[in-house]
Structure formats: C-alpha cells, structure tokens
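Residue numbers (my numbering): 14 to 500. Glycine is no exception: its CB is placed at the ideal position from the N, C-alpha and C atoms.
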C-alpha cells in the first residue's frame, strides 16, 4: 500500500540511497519522531505460499470440567505426548487456571503485504491533533447519535471509542475503520440487526454493546501487534479454530489488523478482508493513506531514571511480575506492587499509603482508577514516556493538570478500575503510544530491575546480589522491598 507523501521526491530518493549504506552514527532518541512518508511501488500482491506443515506451540488455560484426555483430543495429541510436553507426572492433577503447552500442525501461511504502519495501530504521535468527536459528527452515521452507559456514566459513541483507544493505547482511526468495515456504524444509518448487535463482527451475546465489542477488538489488535514483536503469536486463529502462520516479514501493525479480522472469519473470507478491496479500502475511504511515524521507538531508547513508587523507609510487596498493561493480550509491560497495610487477596479497601510519582511529570488523565503521568509534560498520551498508574482510589487522587515532582503523591492504591481482587498498584510504561516491556527497554526502579519469566505475573526484581520473587501474597523473605532511595 502507499503511505501519504510528506516530502519531495528528491528527499525520498536521498533517504532510499542513505538506507543502502550502514549509518556512521545511530540516531539520538527524541520525543518528537520524524514523520517519514514511505511510498511503496505498486506490485502484484504476494501469492499465497505453497502449504507446508509447521509445528507451532500455543498455550491452553485449564477450565472447569477439563480433563487431560479431552484437551489432548482437541489438539490431536496423545495423553502421553501432552504429559511429556508439560512435564506432568499425573494425568489427573490438573488445576483450573493451569497453563498447558500444546502443539499444532499448521499448513497455511498468511501474506506479508503491509496494511498499516505500526504508528497508525498504536495510539502514537500520528494521532496528535486528531479530533475523534468532530470526525464522528461530520460522518453523521449511527455512531454519532449512539449512547451507552459505561462504568455507571452515560457516554457518546465517540467518547467510547476515545476511552477504549486510550485505555488499550490503540489507534482510534483503526477502531473506527474496523467499526465501519464490520458494522457500518461510522457513515451508515440504516443498519441490520446483526450490525447493531455485533458492530465489530464478534457474535457473542454477552458482548453485544459498542463498549464491549470495541474493547474486544482493541485487545486482539494488541494481541497481534505485541505477539508479532515478541514472537509469542506464531499463528492467527480463525473462527473455525484453524490457523495460519504469520508471515516473517509482516510488520506489527499489519499483524494486529490481520489478527482481529481472522478471529471472526474463515480462511477463504479472510483473503478478501485483507486484500485491496477489504478493510484497507474502508480505511482509505475514511482517512486516505496513513502517515508513518518512523522510527516509532529510537534504536537506542533508554528509560529515564525512575524511583520506587512509595515512601523511602517503607516496605511494599512485589505481588505481580511482568504482565499485560491493559486487558490480557498487550505487552507484558506492567508490574504489581502492594502496600504493607493490605492483608492480601480479597482485601479491597483503599490503602492508607500513597503511591508516589516515579519521576517528574504532568497528570494528563485521571478517571476510573486510571492515572496517566506524562514525563514529557504535554497533554497527549501518545508522545514520549508516559506512566500508567492503575487502581488509584478516587479520594485523594492527583487531578488532571497537576505538575508532580518525583516522590509527590499520585493516589491511594485500591481495587478501583479494571479487574482486581486485592488492593495494589499496577504500574506500566508507554513510549510514543507503544507499551514497553522490560526486554525492549530495561525497567528499573531505584536500581531494582524487572526480570520477565515465561508466564505472566511471574518474574523477579533484581538489584545487584539482591533478588525478590513476584508472589501472590506477602513473604518478608521473598517479595518484600524496602524503599531506600536507591542505595
């Protein structure tokens, strides 16, 4: 596809020539990435590769009523193969919530033709100045008059799209294009009952509202995007549970769109959806060609100095290792810490302790337990370093516009906002709208470095010879951390 040109042909040629030789010096990090117009010469779409069988490994979470035999049969494995793959000694020892590795034979391969640049799929600097509400009202479709109660508050359709885009940090234009492609909500007014009930194409009676449908789509956009970046998503899953391998050359933004479309489609129908007359045609009809922000992440990006988010001299507990920043399918960029005055799981009273600013910044959002702290001191979530503080109680929470110094009060940890079964602080990092995990850029708080494990919520905090293990509970010898100013 073609991205809209912002530069002259001469500049583009110079950029192309420069790309052919190794740079003498790596570019310096910046909070204001350059907008680069990339023009792709029209080519014949990549033919579907000749099928070859590949074994991929996925995970399966044990549910109530599952047996090892039933799981093995579902994935065409013997019980013995499944036990060996997971190191199980007893076939009757399954527990609800246990994560098992399973293998699948996949013969189909997805094409790698680009649909959207990464900067369009995450809530990046590409959205600076985009007025979602104005766009929706000018389109004057069903979405413009839609209302729905979310978390006890009546919201307009554009407010719902904006809220979901900010929470998941996905591009609102992509959400609008999906909504138009699947449901006709942006420009259409005479919609079918199926379009009204399932605007994102997910035919699930328990998720029949715009908020739930859009949240589902955003979650699976993140699954494709970060699954491609991390390698944790080897294949797309279709409505009939068949699979197709991701193309090795596909960019993360395209993988995100391909993934969410596959989940409600068959392989054959999906070929049209990802083709030139499918989703991308709808996107272009609404917004034209996208602008690519490159590089979205500077190659030598470093985290600014961050302190532990509680008072020096106090002890908190490391209760959640790296896990999804929002929803359950984003990058593992979040950790959980719990104040010492909380007794453990099931205790949801607001803590008396304060969560503190880990660095100087401006509060740009404060709603429903969510506080966003911009270290760039601007009012836009999609530029530079931004910290998510989740589960902040309404009482005492820092207000939008507050300018905080490192160590200033952000709020009291609680269970407010999102899913939580115990009071804690959920802390995550964004850069230019992309969730940043500890493997991409080291996550360090007062010298304590976050170390990821193979499962969400597991992992360690390490400082020199000291090590703390993430535990769902409190153990003074294993997960207690004394804030000491980084000494």
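Taking the alpha-carbon positions, what's the residue i to residue j distance?
| i | j | result |
| --- | --- | --- |
| residue 180 | residue 88 | 34 Å |
| residue 508 | residue 69 | Since the displayed the chain opens at 14 and closes at 500, residue 508 lies outside it and no answer follows. |
| residue 482 | residue 136 | 32 Å |
| residue 506 | residue 360 | What the structure shows of the chain is the stretch from 14 to 500, and residue 506 is not part of that stretch, so it cannot be assessed. |
| residue 495 | residue 434 | 24 Å |
| residue 298 | residue 456 | 41 Å |
| residue 379 | residue 445 | 19 Å |
| residue 184 | residue 132 | 8 Å |
| residue 487 | residue 330 | 6 Å |
| residue 423 | residue 440 | 12 Å |
| residue 492 | residue 421 | 24 Å |
| residue 96 | residue 104 | 7 Å |
| residue 310 | residue 124 | 25 Å |
| residue 345 | residue 315 | 18 Å |
| residue 479 | residue 465 | 16 Å |
| residue 33 | residue 116 | With a pLDDT of 38 at residue 33, under the threshold of 50, the modelled position of this residue cannot be trusted; read the value that follows with caution. Each residue's alpha carbon lies about 40 Å from the other. |
| residue 485 | residue 256 | 34 Å |
| residue 288 | residue 119 | 22 Å |
| residue 259 | residue 269 | 11 Å |
| residue 225 | residue 211 | 10 Å |
| residue 222 | residue 161 | 8 Å |
| residue 377 | residue 81 | 48 Å |
| residue 349 | residue 438 | 6 Å |
| residue 374 | residue 390 | 6 Å |
| residue 432 | residue 219 | 17 Å |
| residue 477 | residue 443 | 26 Å |
| residue 415 | residue 395 | 18 Å |
| residue 261 | residue 66 | 16 Å |
| residue 93 | residue 73 | 17 Å |
| residue 447 | residue 307 | 13 Å |
| residue 109 | residue 149 | 44 Å |
| residue 339 | residue 151 | 31 Å |
| residue 332 | residue 463 | 13 Å |
Since residue i contacts residue j with CB under 8 Å, what's their CB separation in whole angstroms?
| i | j | result |
| --- | --- | --- |
| residue 75 | residue 107 | 5 Å |
| residue 386 | residue 368 | The Cβ separation is near 11 Å, so there is no contact. |
| residue 317 | residue 398 | 6 Å |
| residue 271 | residue 249 | 6 Å |
| residue 139 | residue 304 | 6 Å |
| residue 242 | residue 265 | 5 Å |
| residue 192 | residue 171 | Incorrect: roughly 11 Å between the Cβ atoms, too far for contact. |
| residue 411 | residue 384 | 6 Å |
| residue 515 | residue 312 | Because the chain spans 14 through 500 in this model, residue 515 falls outside it and cannot be assessed. |
Identify whether residue i lies in helix, strand or coil by the three-state DSSP scheme.
| i | result |
| --- | --- |
| residue 243 | helix |
| residue 494 | strand |
| residue 320 | coil |
| residue 425 | coil |
| residue 133 | helix |
| residue 484 | coil |
| residue 302 | coil |
| residue 337 | coil |
| residue 345 | coil |
| residue 225 | helix |
| residue 200 | coil |
| residue 403 | strand |
| residue 122 | strand |
| residue 389 | coil |
| residue 294 | helix |
Using a Cβ-Cβ cutoff of less than 7 Å, which residues in the same chain neighbour residue i once the five nearest sequence positions on both sides are dropped?
| i | result |
| --- | --- |
| residue 279 | 251, 252 and 253 |
| residue 188 | 174, 177, 178, 227, 230 and 231 |
| residue 497 | 325 |
| residue 286 | 274, 278 and 292 |
| residue 267 | 127, 128 and 129 |
| residue 489 | none |
Within the same chain, show all residues whose beta-carbon is closer than 6 Å to that of residue i, passing over the 5 residues directly before and after it, in chain order.
| i | result |
| --- | --- |
| residue 320 | 371, 419 and 459 |
| residue 393 | 141 |
| residue 300 | 186 |
| residue 381 | 164 and 430 |
| residue 363 | 406, 425 and 427 |
| residue 194 | 292 and 295 |
| residue 337 | 343 |
| residue 246 | 240 |
| residue 196 | 208 and 212 |
| residue 214 | 195 and 277 |
With a CB to CB cut of under 8 Å and the five nearest residues on each side skipped, what residues in its chain are close to residue i?
| i | result |
| --- | --- |
| residue 468 | 112 |
| residue 366 | 323, 324, 327, 329, 352, 353, 354, 425 and 426 |
| residue 91 | 85 |
So, do the region 444-455 and the region 281-298 have three or more beta carbon pairs nearer to each other than 8 Å? Output reads no: the region 281-298 does not touch the region 444-455.
Notebook entry, point to check: Is it a yes or a no for the region 147-165 touching the region 197-204, going by three-plus beta-carbon pairs under 8 Å?
Noted result: Yes: the two stretches touch, three or more of their Cβ pairs being nearer than 8 Å.
Practice problem: Evaluate contact between the region 204-220 and the region 403-421, counting only Cβ atoms and requiring at least three cross-stretch pairs below 8 Å. | Solution: Because the criterion of three Cβ pairs below 8 Å is not met, the region 204-220 and the region 403-421 do not touch.
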